[in-house]
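Asker:
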DNA sequence: GATTAAAACTAATGATAGTTAGAATTTTGA
DNA sequence: TCAAAATTCTAACTATCATTAGTTTTAATC
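Residue numbers (my numbering), protein chains in the order written: chain C, 1 to 206; chain S, 1001 to 1206.
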């Protein structure tokens, strides 16, 4: 299969290209990959479907770029959050901050990110693969975060870090299915979810 | 909108009808609602697309039935699990059993259930609504389970039961994105996930 | 074996999808 | 101002989709 080129001629980013990406991200995240037509995306930026092909090689190349931007955004956001607290902060604080960063990018900032979380599983596998590296790099951030918590003894010995990471991120990513504006705030949710994983809900002293 | 009738003439269930449902559930859960054509489903049971209309009124009526069966299956499975342990068991045991039942139905038994978890958000809203009652009834099971845990004092006071329920079920439902046969067993995952929510991962005494 | 009902097929319809080639338009830069 | 480059549009093409009407085949019943 030919590599999907992105038709970005130089390093300056034309205006309409970003507008197309924005519109595509919004529509993909709302209605999904298959249910969103290029005509809808084009219409959202006052264009005709055929014109999109000047900027993107195909519908798949378009969503691929949306997916990648989504991961980059959330990665950056979590990174920034973690960097904003003092070094050698306790693991509990780092975790809470990382969770806040993840949820914030997903729920508030994020058509690109939510497109990724929602649609990654339903796009052609050939396209998924092209997004794997950038995706793994974000997962590595969490892997290292948890490993450090374990190394410093702030995570109980015996905890399976892989199940932990997948479960934690799973919980976070699924919030997109029930979060709605005007309801619970992102911070409320983040704090509670951090607490669940840190100290649990049981009132018994273990 | 006309109510979707199901074309089930009596209470005996014809063989091919179930075969169609099975095939549809398998394909929907793998490729999603939009990406699965009636031709594919028909082909999987050695039929032609048009023939499906003898059994189902539309593609939407077909997935609606798959969705409903999925919820019924998981509801039943969790219910059975809970009933299988002694009454007045501690909350921690009840929770672990419910989690096992949920994951088992989702990951092992479950094309119908996984179709539901994966596709509910991407089918037409008019169809979602037709599945709401049966869906809420399953959510009620969890609501009551957690409320009882709180009433009996086995859940810390102050825990927001709604965020708890949505977070817990979110974690469970997302396992479908990373579980694969031959890897971690369902029971391993269930036990770990129950522990995360019950006592947390922190080694510090809170 | 004839009659009826059930089940599946054939072949078409209209809608919509992604995509493309070439013409028209707008923007840019000398 | 004018030519070249960048951008968008027009108008199709092919493919595929859900759906339907009418026909044929299979199964059941008497």
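The beta-carbon is built from N, C-alpha and C at its ideal position, and this holds for glycine as well.
Model, not experiment: these values are computed from the prediction.
Does the contact criterion of 3 or more C-beta pairs under 8 Å hold for the region 99 to 116 of chain C versus the region 69 to 88 of chain C?
Answerer: Cβ pair count under 8 Å is three or more, so yes.
Asker: Write down every uninterrupted run of the beta strand (DSSP E) in the region 1030 to 1086 of chain S whose length is 3 residues or greater and which is fully enclosed by it, in chain order.
Answerer: Correct list: empty.
Asker: Would a check of beta-carbon distances place residue 1199/S closer than 8 Å to chain C?
Answerer: Answer yes: the Cβ-Cβ gap between residue 1199/S and chain C drops below 8 Å somewhere.
Asker: Should residue 1055/S go down as buried or exposed, given a rule of 16 or more other Cβ atoms within 10 Å for buried?
Answerer: Looking at its Cβ environment, which holds 16 or more other Cβ atoms inside 10 Å, residue 1055/S is buried.
Asker: So, do the region 191 to 205 of chain C and the region 92 to 101 of chain C have three or more beta carbon pairs nearer to each other than 8 Å?
Answerer: Short answer: they touch.
Asker: Cα separation between residue 1027/S and residue 1154/S?
Answerer: Whole-angstrom Cα-Cα distance: 42 Å.
Asker: Residue 128/C versus chain S: which residues are under 9 Å apart at the beta carbon?
Answerer: Those do not exist, as residue 128/C stays about 12 Å from chain S at its closest Cβ, beyond 9 Å.
Asker: I'd like the span of the alpha helix (DSSP H) that includes residue 1142/S, first residue to last.
Answerer: Looking at the DSSP string, the run of the alpha helix (DSSP H) that includes residue 1142/S is 1132 to 1151.
Asker: Listed in chain order, which residues of the region 1143 to 1176 of chain S have Cβ atoms closer than 7 Å to some Cβ of chain C?
Answerer: Going along the region 1143 to 1176 of chain S in chain order, one finds 1153, 1154, 1155, 1156, 1159, 1160, 1163, 1164, 1166, 1167, 1170, 1171, 1173, 1174, 1175 with a Cβ nearer than 7 Å to chain C.
Asker: On the criterion of 16 or more Cβ atoms from any shown chain inside 10 Å, does residue 1158/S qualify as buried, or is it exposed?
Answerer: Answer is exposed; the Cβ neighbour count stays below 16.
Asker: Give me the Cα-Cα distance between residue 5/C and residue 129/C, rounded to the nearest whole angstrom.
Answerer: The predicted model places residue 5/C with a pLDDT of 45, which falls under 50 and marks its position as unreliable, so this point remains unresolved.
Asker: Thinking C-beta only, is residue 1175/S closer than 8 Å to residue 1163/S?
Answerer: No, they are not a contact pair.
Asker: Compute the Euclidean distance between the alpha carbons of residue 109/C and residue 1029/S, then round it to the nearest angstrom.
Answerer: Their Cα atoms are separated by approximately 29 Å.
Asker: Sort 1127/S, 1186/S, 1181/S, 1173/S by Cα distance to residue 1061/S and report the nearest one.
Answerer: The shortest C-alpha separation from residue 1061/S is found at 1127/S.
Asker: Between the region 79 to 92 of chain C and the region 139 to 154 of chain C, are three or more C-beta pairs nearer than 8 Å?
Answerer: In short, these stretches touch, since the Cβ pair count reaches three.
Asker: Residue 1193/S touches chain C at which residues, Cβ-Cβ below 8 Å?
Answerer: Going along chain C in sequence order, the residues near residue 1193/S (Cβ under 8 Å) are 163, 167.
Asker: Could you work out which residue in 138/C, 178/C, 145/C is closest to residue 1120/S when comparing CA atoms only?
Answerer: Closest by alpha carbon: 178/C.
Asker: Which residues of the region 1030 to 1062 of chain S have a Cβ closer than 7 Å to any Cβ of chain C? Give them in chain order.
Answerer: If the cut-off is 7 Å between Cβ atoms, the region 1030 to 1062 of chain S has 1032, 1034, 1035 near chain C.
Asker: Taking 8 Å as the CB-CB cut-off, is residue 1019/S touching chain C?
Answerer: Chain C, which has no Cβ nearer than 8 Å to the Cβ of residue 1019/S, makes this no.
Asker: Please report whether the beta-carbon of residue 64/C lies at a distance below 8 Å from any beta-carbon of chain S.
Answerer: Not an interface residue.
Asker: Please determine, among 105/C, 43/C, 186/C, 122/C, the residue with the shortest C-alpha to C-alpha distance to residue 70/C.
Answerer: Among 105/C, 43/C, 186/C, 122/C, the Cα nearest to that of residue 70/C belongs to 105/C.
Asker: Pick helix, strand or coil for residue 1155/S, following the three-state DSSP scheme.
Answerer: Reduced to three states, the DSSP call for residue 1155/S is strand.
Asker: For residue 1086/S, which residues from the same chain have a beta carbon less than 6 Å from its beta carbon, with the 5 sequence-adjacent residues on both sides left out?
Answerer: The answer is none, since no qualifying residue turns up.
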